[in-house]
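K.L.:
Every number in the numbering used here is 15 more than the matching position in the sequence shown, counting from 1.
Cβ coordinates follow ideal geometry from the N, Cα and C atoms, glycine included.
One structure is given below, represented as structure tokens, and several questions about it will come after.
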Amino acid sequence: MKIAMVSDWFPPKLGGVQTAVYELSSELASRRGIEVEVITDNYKTLTFSDQVEEVDGFKVRRLAGLVLPRWKVYFHPELPFKVKELFKREDYDVVHTHHLFTPLSVFATGIAKFMYPPRKCVVATNHSYHTWAERSFFRFFSRFTVGSTQPDRVIAISEVSARMAERLGVNPGRIRRIPLGVNVEKFNPARRSEELRRELGADSGVVILYCGRLVERKGVHYLLIAFQQVLKEMKEVKLVILGEGPWRGRLMKLSRRLGLDKAVEFLGYKPREEVWKYCASCDFMVAPSTHHESFGLVVVEAMASGRPIIATDVTGFNEVFVEGTGFLVPPRDVEALKEKILLLARDRKLRERMGRRAREEAVKRYDWKKIADQTLEVYNEVLSQV
């Protein structure tokens, strides 16, 4: 079986979609008889090239494109012709696009189904939900493009992404629910580092970790306010914030205004291999988002790292959260957040018990090996109908 994995996003660019495409491709490529080729943008040049990289057992082919900054996707006037040429030359059995509405995914779906005989099977993963998808013009445009091309199957990573796919014109009978996975070898409690805890100045205290983008909807400002209240009742506790974003300066000012300079560390961007270590070395994690998430990836990563998590009760988080692995609190509720932080910070045995359960559930539900198995079932389903 030869699979074209089509995505506007792929490493070295950072993000959840990039990680998912990489991990799924790597896992599928490790199976006998499966060949995977990732088709993505060329982030270095606007020149088309036939250069192919070999990455972790699969191929990566980069096409040129101009960035559309508002949506962070790529487009080039020659893109449809290059995709058609590639599909004609390479004998893919399945074209698996990631997202339903980016230029690359729309062109790949239309060309695979209608422009080059014999038609190729198309599977699309919808990774997200956006409020701008509710705008009338976007709905009309998306229904025209997605509705007219209709992938053979659409994989929805969550309930909210399934609803968005339906709004974009996908036949509900073609939608299959498969969550994102987590690399349980990389996110692993065995990566805990006492040296890292000493570097943070918290070798004998409690380390709380936030890991994510620093934007308003992630609710980090509520976490800082709650943490100020925590420090009034408990001193040996440290908050570590990993991530970058437009709100970083504002959050650092808020931290200083709240008198948290010595208890909060803003560490900015960290490579994934360091993120694994931070997740395993903290005592628990907090995800205080104020709005829905397409998928609760940070919850799953905390679970795989054997760490409890306090997350807000929003769509995406509450779909993947497992009772007994942490706590859900209402969004924007500083008092509830403070209470759960204090409860976990004061009770080591509770943290350890929840962490063990979290690790077990992550391995059972979200190991990429299991997610790849489910994805292969979808591929075989569409291939059997050709």
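#1: Excluding five sequence neighbours on each side, which residues of the same chain lie with their C-beta closer than 6 Å to the C-beta of Gly319?
#2: What runs of the beta strand (DSSP E), each 3 residues or longer, lie entirely inside the region 282 to 348?
#3: Since I believe Ala326 is in contact with Leu312 (beta carbons under 8 Å), could you give me their beta-carbon distance rounded to a whole number of angstroms?
#4: Between the beta-carbon of Tyr225 and the beta-carbon of Val301, is there less than 8 Å?
#5: Measuring only the C-alpha atoms, how far is Val337 from Leu43?
#6: Does Val279 come within less than 8 Å of chain D when only Cβ atoms are used?
#7: State the start and end residues of the unbroken beta strand (DSSP E) segment that holds Arg76.
#8: At the level of alpha carbons, what is the spacing between Asn333 and Pro303?
#9: Specify the secondary structure class of Phe152 as computed by DSSP and reduced to three states.
#10: Evaluate contact between the region 104 to 120 and the region 18 to 38, counting only Cβ atoms and requiring at least three cross-stretch pairs below 8 Å.
#11: May I have a chain-ordered list of the beta strand (DSSP E) segments no shorter than 3 residues that lie completely inside the region 206 to 259?
#12: Have a look at Pro323 and Leu239 and give me their C-alpha separation to the nearest angstrom.
#13: Would you report the Cα separation of Cys297 and Pro204, rounded to the nearest angstrom?
#14: Comparing C-alpha positions only, which one of His307, Ala295, Arg287, Lys253 sits nearest to Phe281?
#15: Buried or exposed for Lys277, going by 16 or more other Cβ atoms inside 10 Å?
#16: Between which two residues does the alpha helix (DSSP H) holding Arg189 run?
#17: Which partner residues does Asp35 have in the DSSP bridge list?
#18: Under the assumption that Val70 contacts Thr55 (Cβ atoms under 8 Å), give the Cβ distance between them as a whole number of angstroms.
#19: For Ser173, count neighbouring Cβ atoms within 10 angstroms of its own Cβ and tell me buried if that reaches 16, exposed if not.
#20: I believe Ile49 touches Val109 by the beta-carbon criterion, under 8 Å. Please report the beta-carbon distance rounded to the nearest angstrom.
#21: How many whole angstroms separate the CB atoms of His113 and Val32, which I take to be in contact at a CB cut-off of 8 Å?
#22: Would you call the CB atoms of Val221 and Glu251 closer than 8 Å?
#23: Could you tell me the alpha carbon to alpha carbon distance between Val185 and Glu316, rounded to whole angstroms?
#24: Exposed or buried, Lys179, counting other C-beta atoms within 10 Å across all chains shown (16 or more means buried)?
#25: Please classify Tyr37 as buried or exposed, where buried requires at least 16 neighbouring CB atoms within 10 angstroms.
#26: Where does Ile170 fall in DSSP's three states?
P.N.:
On the basis of the coordinates in this document:
#1: On the sequence shown, residue 319 is found 304 positions in, with the first residue counted as 1. What sits at residue 319 in the sequence shown is Ala, not Gly. Excluding sequence neighbours, Ala319 sits near Val197, Val199, Phe202, Ala377.
#2: 299 to 302, 324 to 327, 341 to 344
#3: The count along the sequence shown starts at 1 and reaches residue 312 at position 297. The count along the sequence shown starts at 1 and reaches residue 326 at position 311. Not really, about 11 Å apart at Cβ, beyond 8 Å.
#4: Residue numbering aside, residue 225 sits at position 210 when the sequence shown is read from its first letter. Residue numbering aside, residue 301 sits at position 286 when the sequence shown is read from its first letter. In contact: Tyr225 and Val301 (Cβ atoms closer than 8 Å).
#5: Looking up residue 337 in the sequence shown gives position 322. Looking up residue 43 in the sequence shown gives position 28. About 27 Å.
#6: This model lacks chain D altogether; it includes just one protein chain.
#7: Position 61 of the sequence shown, counted from the start, is the residue given in the question as residue 76. Run containing Arg76: 73 to 78, per the beta strand (DSSP E) assignment.
#8: Within the sequence shown, residue 333 is the residue found at index 318, counting from 1. Within the sequence shown, residue 303 is the residue found at index 288, counting from 1. Going from the Cα of Asn333 to the Cα of Pro303 covers about 12 Å.
#9: As a first step, residue 152 is located in the sequence shown; it is residue number 137 there, counting from the start. For Phe152, the predicted model reports a pLDDT of 47, less than 50, meaning its position is unreliable and no value from the coordinates is stated.
#10: yes
#11: 221 to 226, 252 to 257
#12: For the purposes of this step, residue 323 is identified with residue 308 of the sequence shown, where counting begins at 1. For the purposes of this step, residue 239 is identified with residue 224 of the sequence shown, where counting begins at 1. Approximately 19 Å between the Cα atoms of the pair.
#13: For the purposes of this step, residue 297 is taken as residue 282 along the sequence shown, with counting starting at 1. For the purposes of this step, residue 204 is taken as residue 189 along the sequence shown, with counting starting at 1. Each residue's alpha carbon lies about 10 Å from the other.
#14: Reading the sequence shown from its first residue, position 266 is the one you call residue 281. Closest option to Phe281, Cα to Cα, is Lys253.
#15: Residue mapping note: residue 277 aligns to position 262 of the sequence shown, counting from 1. It counts as exposed.
#16: By 1-based counting over the sequence shown, the position of residue 189 is 174. Run containing Arg189: none; DSSP gives neither H nor E here.
#17: Numbered from its first residue, the sequence shown carries residue 35 at position 20. Note that residue 35 is Ala in the sequence shown, not Asp. Answer by DSSP bridge pairing: none, since Ala35 is not bridged.
#18: Locating residue 70 in the sequence shown gives position 55, where the first residue counts as 1. Locating residue 55 in the sequence shown gives position 40, where the first residue counts as 1. Actually they are not in contact, since the Cβ atoms of Val70 and Thr55 sit about 11 Å apart, beyond 8 Å.
#19: Along the sequence shown, read from residue 1 onward, the residue named residue 173 stands at position 158. Buried.
#20: Counting from one through the sequence shown, the residue named residue 49 turns up at place 34. Counting from one through the sequence shown, the residue named residue 109 turns up at place 94. Wrong, their Cβ atoms sit about 10 Å apart, outside the cutoff.
#21: Translated into the one-based positions of the sequence shown, residue 113 becomes position 98. Translated into the one-based positions of the sequence shown, residue 32 becomes position 17. With 8 Å as the limit, His113 and Val32 qualify as a contact, their Cβ atoms being about 6 Å apart.
#22: For the purposes of this step, residue 221 is taken as residue 206 along the sequence shown, with counting starting at 1. For the purposes of this step, residue 251 is taken as residue 236 along the sequence shown, with counting starting at 1. Yes, the Cβ-Cβ distance between Val221 and Glu251 is below 8 Å.
#23: Taking the first residue of the sequence shown as 1, we reach residue 185 at position 170. Taking the first residue of the sequence shown as 1, we reach residue 316 at position 301. Their Cα atoms are separated by approximately 30 Å.
#24: In the sequence shown, residue 179 corresponds to position 164, counting from 1. One point to set straight first is that residue 179 is Met, not Lys, in the sequence displayed. Classification of Met179: buried, given that the 10 Å Cβ count is 16 or more.
#25: One-based indexing of the sequence shown puts residue 37 at position 22. Tyr37 is buried by the Cβ-count criterion.
#26: Position 155 of the sequence shown, counted from the start, is the residue given in the question as residue 170. If DSSP states are grouped into helix, strand and coil, Ile170 belongs with the strands.
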